[in-house]
Amino acid sequence: MTETVVYPQDRTCPYQPAPEYLSLVEQRPLAQVTLYDGRRVWAITGRDVARRLLIDPRISSDRTNPQWPAMFPSIAAAVRDARQKVLKIVTALVGVDGAVHNARRKMLIPSFTLRRINALRPKIQEIVDRQLDLMIENGAPTDLIPAFAAPVPVTVLYHLMGIPDDDHDFFEKQSYQFISGSNADAAYDELMTYMSKLIEEKRRNPGDKVLDDLLAERGATGDVGDVDAEELVSTLVLQVAGGHGTTGTMVSLSAFTLLQNPERLAELRADPSLMPTAVDELLRLLSIPDGLQRLAVDDIEIEGTTIRKGDGVFFITSLINRDEDVHGAPNSLDWHHNSVRDHVSFGFGAHQCLGQNLARVTMEIALSTLFQRLPGLRLAAPAEEIPFNPTAGFQVLNELPVTW
Ligand code: HEM
């Protein structure tokens, strides 16, 4: 058996792929890698093959399949143990296939259209301004993550969903406890009681948020009396899970990357209309969810290779997004190439990120406002000392000390 790269590998720079993946680049578009438990799985690294496989019905997302490939022992344990309830809810959309997935996703699509999200722009701007006022008032230096990057997307998300402002802290605390598995049962009961009350309130005073859409949708199908708190909690918690760390991480890691690339930042300051393009280019280069997971449920012939039924398949986002056949200079930021949107940082196919319009607009407003209002923004510690979580799968900065 030839020696294969162990997957996943840690990054040594928060916005570049792990150096050990170099040999995988040489084998593009796909190679075999080994998981922590010795299991051999496929690593997809080429853009065309990735797209073909991600829309192939023989590639499953069903995390309850006993052959599901776990990236880490903790994931394997979570699938087996008492946290099943958490896993079931958190993966209620991303972890199911076919008709069940379509039906669940269809219910949510109207709440996330570009038109709906664009209508939210003034509210998002207000949330960003308020958070930045607070950060400036509290003074420099500060950690940009708790002061700005993390709370902005969470507040925006709760607003969109229809959780009243005064309840954000409660919802945040309980859903975090539920998702992280610490005290999950108690948190779940709290959320359920809360949601039953909110449903009653929404029935008396309907609004125009995701929660109202879901209630109206069930009303239209004739079983409004049966709308249960459990279903709504599941739907909302899975959005919190999807949107929770992701957008905030993109805001902080983008700010860090831009401060490391002053020429690119100067271009954005000189021409703010470049920001929407910059958001996608940053999503491409940073590739924060670095490793989409799937299982082959039938044999698949691709590029002269056979992926066998039961094989694990991992999509290495950071390498797919740097495919030289698609991007001219794949390792650097460039606002002007025309393949900027050609990335898989939001996935591809049936499970493509439901919150992508929201994430893009939130990032655009947060980053534009941050750099416009604080022209002197800079790191308050040497870049090499900024702590980050190197673990592949999901990239995060642990702190981002800044001053202005
Ligand atoms: C920059 C921020 C974000 C990134 C990078 C991101 C990334 C992703 C990726 C890669 C997937 C596909 C996973 C797969 O195919 O296995 C996904 C799915 C999903 N995302 Fe996001 N996401 C972001 C923000 C959000 C937000 C704000 C929300 C909340 C509204 C959200 C909700 C979801 C949901 C519900 C799914 C599952 C969709 C499905 O399976 O049909 N995401 N996201």
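In this text, residue positions in the sequence shown follow our numbering: the first is 2, and each later residue adds one.
We put the CB at the ideal spot given by N, CA and C, even for glycine.
- Task: Jot down the residue ranges of each uninterrupted alpha helix (DSSP H) in the region 137-210, minimum 4 residues, whole runs only, in chain order.
- Result: 152-162, 169-181, 185-205
- Quick one: using the 10 Å Cβ neighbour count with 16 as the cut-off for buried, is Q132 buried or exposed? Buried, by the Cβ-count rule.
- Item | Exposure of N437, with buried meaning 16 or more beta-carbon neighbours within 10 Å | Only positions 2 to 405 of the chain appear in the structure, and residue 437 is not among them; the question remains open.
- Query: Roughly how far, in whole angstroms, is the beta-carbon of L275 from the beta-carbon of E264, given that I think they are within contact range, below 8 Å?
  - Reply: Wrong, their Cβ atoms sit about 13 Å apart, outside the cutoff.
- Would you list the residues sitting across from P402 in a DSSP beta bridge? D144
- Anyone know if the C-beta pair for N139 and A150 falls short of 8 Å? no
- Sequence-distant residues of its chain with Cβ nearer than 7 Å to L94 (five each side left out): Closer than 7 Å at Cβ, skipping near neighbours: H102, R105, R106, L239.
- Task: Taking H344 and R285 to be in contact with their CB atoms under 8 Å, please state how far apart those CB atoms are, rounded to whole angstroms.
- Result: 4 Å
- Message: Below 7 Å, is the gap between the Cβ of H160 and the nearest heavy atom of the ligand HEM?
- Response: no
- Item | Inside the region 20-107 only - beta strand (DSSP E) runs reaching at least 3 residues | 31-35, 41-45
- Item | Inter-residue spacing [alpha-carbon to alpha-carbon] between D227 and Q175 | A caution first: D227 carries a pLDDT of 49, below 50, which makes its placement in the model too unreliable to give a value.
- Would you list the one or two residues that DSSP bridges to V397? In the DSSP output, where bridge partners are listed per residue, V397 has N390.
- Item | Under the three-state DSSP convention, the category A221 falls into | No answer about A221 holds up, because its pLDDT of 49 lies below 50 and its placement is not dependable.
- Task: Report yes if the C-beta distance between E400 and D11 is below 8 Å; otherwise report no.
- Result: In this structure, D11 does not lie closer than 8 Å to E400 by Cβ.
- Report the partner residues of L380 according to the DSSP bridge assignment. Beta-bridge pairing links L380 to V403.
- Residue of Q294, I308, L88, V314 minimising C-alpha distance to Y189: Minimum Cα-Cα distance from Y189 among the listed residues Q294, I308, L88, V314 corresponds to L88.
- Sequence ranges, beta strand (DSSP E) only - wholly within the region 255-327, length at least 3: 293-297, 301-303, 306-308, 313-316
- Item | T46 to Q28 span [Cα, whole Å] | 8 Å
- Please name the residue or residues paired with V7 in a DSSP beta bridge. According to DSSP, which records beta bridges pairwise, V7 is partnered with T35.
- By Cβ distance below 8 Å, which residues in the same chain neighbour H169 in space, the five residues on each side in sequence not counted? V155, T156, Y159
- Task: Under 6 Å Cβ to Cβ from L359, same chain only, skipping five residues before and after it: list those, please.
- Result: If we look at L359 and ignore the five residues flanking it on each side, its Cβ neighbours are I118.
- Between which two residues does the alpha helix (DSSP H) carrying A120 extend? 115-120
- What distance in whole Å lies between the Cβ atoms of I317 and A44, which are believed to be in contact at a cut-off of 8 Å? 5 Å
- By the 10 Å Cβ neighbour count, where 16 or more other Cβ atoms means buried, how is F389 classified, buried or exposed? When all chains shown are included, F389 counts as buried.
- Query: Leaving out five residues before and five after T92 in sequence, what residues of the same chain have Cβ atoms less than 6 Å from its Cβ?
  - Reply: Cβ neighbours of T92 beyond the five flanking positions: R64.
- Using the beta-carbon count (16 or more within 10 Å), is K124 buried or exposed? With fewer than 16 other Cβ atoms within 10 Å, it is exposed.
- Say the cut is 7 Å; is the CB of G348 nearer than that to a heavy atom of the ligand HEM? yes
- Task: Flag M251 as yes when its Cβ comes closer than 7 Å to any non-hydrogen atom of the ligand HEM, and as no otherwise.
- Result: Yes, since a heavy atom of the ligand HEM falls inside the 7 Å radius drawn around the Cβ of M251.
- Query: Would you say D335 and E282 are within 8 Å of each other, going by their C-beta atoms?
  - Reply: yes
- With distances taken from CA atoms, which of T278, Q68, G311, S319 is nearest G292? Of the candidates T278, Q68, G311, S319, the one whose C-alpha sits nearest the C-alpha of G292 is S319.
- Item | Between the CA atoms of F257 and S181 - distance to the nearest angstrom | Straight across, the Cα-Cα distance linking S181 with F257 is about 27 Å.
- Start and end residues, alpha helix (DSSP H) containing A367: That run of the alpha helix (DSSP H) goes 357-374.
- Message: Any heavy atom of the ligand HEM closer than 7 Å to the beta-carbon of A360?
- Response: yes
- Message: Closer than 7 Å to a non-hydrogen atom of the ligand HEM - does that hold for the CB of T248?
- Response: It does: the Cβ of T248 is within 7 Å (strictly closer) of some heavy atom of the ligand HEM.
- Task: Find out if the Cβ-Cβ distance for the pair K310, D324 is shorter than 8 Å.
- Result: no
- Would you decide whether E4 is buried or exposed? Buried here means 16 or more other CB atoms lie within 10 Å of its CB. exposed
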